[in-house]
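So the sequences go chain by chain: S and G.
Those letters in the first sequence? Residues -14 to 127, per the working numbering, in order.
Those letters in the second sequence? Residues 3 to 400, per the working numbering, in order.
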Amino acid sequence: MDKELGREIILENFQYPMNKEEVNDSNYIKVNSNNPNCIDNLDIYLLIEDNKITDIKFMGEACAISTASTSIMIKNLIGKSIKEAKDYINNFYHMCNEEEYNKEILNEGLAFQDIYKQSNRKNCALLPYKGILKALEDYENK
Amino acid sequence: MHREDFPMLNQDIIYLDNGATSLKPKSVIDKTIDYYENYSANAHRGDYDISYKVDLEYENTRDLVKEFINARRKEEIVFTSGTTDSLNLIVNGFFRNYLEKGDEIILTKTEHASNIMPWFRIAGLTGAVIKYIPLDDNNFVTLDNLKKVVTPNTKVISLAEITNVIGDKRPIKEITKFAHENDIFVVVDGAQSVPHTKIDVIDTDIDFLAFSSHKMLGPTGVGVMYAKYELMQNIEPVNLGGGMNESFESPSKMVLKEVPTRFEAGTPNIAGVIAFGESIKYLNKIGMDYIEKYEKDLRKYLIEKLINIPHIDILNLEADSGIVAFNVEGIFSEDVAYYLNKYGICVRAGSHCAKLTKDVLGVANSIRVSLYFYNTESEIDSLVELLKDKDKILKEML
């Protein structure tokens, strides 16, 4: 992805994030995700019905990278089966860790393709993914 | 302003995070090296020449601290590892035994974590109750508001002389006078004030004071606990061990050394304490009144420029210190700090360890600029120039 386009996508998702709202519905699984070395702090709400992610929302205070990454993650995971979602998440992790990954499926997630070059910001991009993995684990352990 | 004395300033940076820690002058660094190269022995073991020199230098710093805060006796000065350690010693060593169920501890919501969390725990252990002084429109403490929360059960008021986010200077002398008329102890967190203003523990009649060396040009890992001499006998040492005992035979037969030695168990941060003395000499040379005035003027200069930038929201317009907290509208504070870092400007973003402050400010996070006497108007100009253009921040913060 072109650098300038990536920057625009991140800014757009930071300023107008998808599904940034609080949830008061016990059908949602709620997890908190924060980074010990910075002040990002997000609550993520996950709704799974019939083995499919039907909704994700989030709330909290976080930097542009974290907020944009959460927004993009939400756009990409809603509608996916748990297996498909994990595939997306794994690919995103691989990209951030400078490992082999499937470019085809990441869509706007590719805006973070160079994030591995800034080790301190990598954790910002991964913050929502840490949270959603925890939520999926909670779901599977239920 | 004395910038040539600070090796860190040879780098191409603008250091505006003095509330977190200060830079060190060459004389302090040299003093540390001198100890390690020329008389690196332990303290309190004056059996040979270089060890005796350690004792002299170490105790010389105690004298310097005593003079610096105008304590009555040098025994009132205890070396700790920093403000946090000092406050924990005051709370756990003195108030843990003193407080009883139903007693009241008075704090403010703009205190640093280290002046809140030890009290929270002691409240849990003793059954004492925490109360907060309501703050005025500027988030300042007033004597009238303090009077509103004090009751016959109030036993201690613990507050920063200058807070680390709002940067307000509290009327300590008035507070202490009122407190003592009501048999209430006053604990002062001096981390942000001792490095920047003249402190006089006799004039203000403070009972306990805590501060750190590293925020006042000295080494990290050294702090001071001051307590009035008559209170020191009632402080129970938190650490027991070498250097602080006369003798020990059984659990019921332990004889401790006199104050302040009994509070300094184990080998202290000798190099740090000795070099801390050098930082006090340096501050004395410049003059605390000068430093306070210089920082206030520089803050005024910064505020006058920031206030004209429409997308900047200043959280502490009025404050008697070198601390300015603000946010850039619509941009997360940490992103602004990242952006400024690209231009070598060091500022702090976040809650600044004062997590209850969000209750009074309405925002959890902010950017904090904290000044010292070596900062300049031209550094402020560079900062302001970078903050003027919001599109530039949005473009370059990623």
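Every residue gets a Cβ at the ideal spot worked out from N, C-alpha and C, and that includes glycine.
No experiment lies behind these values; they were computed from the predicted model shown.
Give me, in chain order, the residues of the same chain whose beta-carbon lies closer than 6 Å to that of ILE237/G; leave out the 5 immediate sequence neighbours on both sides.
By the criterion of a C-beta distance shorter than 6 Å, ILE237/G is surrounded in its chain by GLY95 and PHE96, once the five residues flanking it on both sides are discounted.
In angstroms with no decimal places, state the Cα-to-Cα distance between TYR114/S and VAL8/S.
19 Å
List the whole-angstrom C-beta distance separating ILE74/S from LEU118/S, where the pair is believed to meet the contact cut-off of C-beta under 8 Å.
6 Å
Contact list for VAL334/G against chain S, beta-carbon separation under 9 Å
The identity of residue 334/G in the sequence shown is Phe, whereas the question assumes Val. Going along chain S in sequence order, the residues near PHE334/G (Cβ under 9 Å) are PHE(-1), ILE24, ASP25, GLU46, ALA47, CYS48, ALA49, SER51 and THR52.
First and last residue of the uninterrupted alpha helix (DSSP H) at ASN61/S
49 to 62
DSSP three-state label for SER252/G, please.
strand
Using CA atoms only, rank isn't needed, just tell me which of ILE395/G, TYR284/G, SER384/G and ALA339/G is closest to PRO27/G.
TYR284/G
What do you reckon, are the CB atoms on ILE135/G and THR110/G nearer than 8 Å?
The Cβ atoms of ILE135/G and THR110/G sit closer than 8 Å to each other.
Would you list the residues sitting across from VAL158/G in a DSSP beta bridge?
ILE107/G and PHE187/G.
Top-ranked residue by Cα proximity to SER380/G, from LYS307/G, GLU294/G and ALA125/G
Out of LYS307/G, GLU294/G and ALA125/G, LYS307/G has the C-alpha closest to the C-alpha of SER380/G.
Taking 8 Å as the cut-off, decide whether the C-beta atoms of ASN62/G and GLY279/G are in contact.
Yes, the pair counts as a contact, with Cβ atoms nearer than the cut-off.
Our contact map puts ILE305/G next to LEU317/G with C-beta atoms below 8 Å; I'd like the distance itself, whole angstroms only.
Contact doesn't hold; Cβ gap of about 12 Å is too wide.
Establish whether the CB of MET399/G and some CB of chain S are separated by less than 8 Å.
yes
Which residues in chain G have a C-beta closer than 7 Å to the C-beta of LEU(-4)/S? List them in chain order.
LEU396
What residues are listed by DSSP as bridge partners for LYS133/G?
ILE108/G
Residues of the segment 357 to 378 of chain G with Cβ closer than 7 Å to any Cβ of chain S, in chain order:
ALA366 and ASN367
Using 8 Å as the threshold, is the C-beta distance between SER24/G and LEU219/G below it?
yes
Looking at the unbroken beta strand (DSSP E) that takes in ILE282/G, where does it start and where does it end?
Careful: ILE282/G lies outside any beta strand (DSSP E), inside the alpha helix (DSSP H) at 272 to 288.
Name the two residues that bound the continuous beta strand (DSSP E) containing SER214/G.
210 to 214
List the residues that DSSP assigns as beta-bridge partners of TYR228/G.
ILE79/G and LEU211/G
Between the segment 209 to 218 of chain G and the segment 75 to 88 of chain G, can you find at least three pairs of beta-carbon atoms closer than 8 Å?
Yes, the segment 75 to 88 of chain G touches the segment 209 to 218 of chain G.
When the Cα atoms are used, what is the spatial distance from MET10/G to TYR376/G?
11 Å
Hey, is ASP315/G's beta-carbon within less than 8 Å of any beta-carbon in chain S?
no
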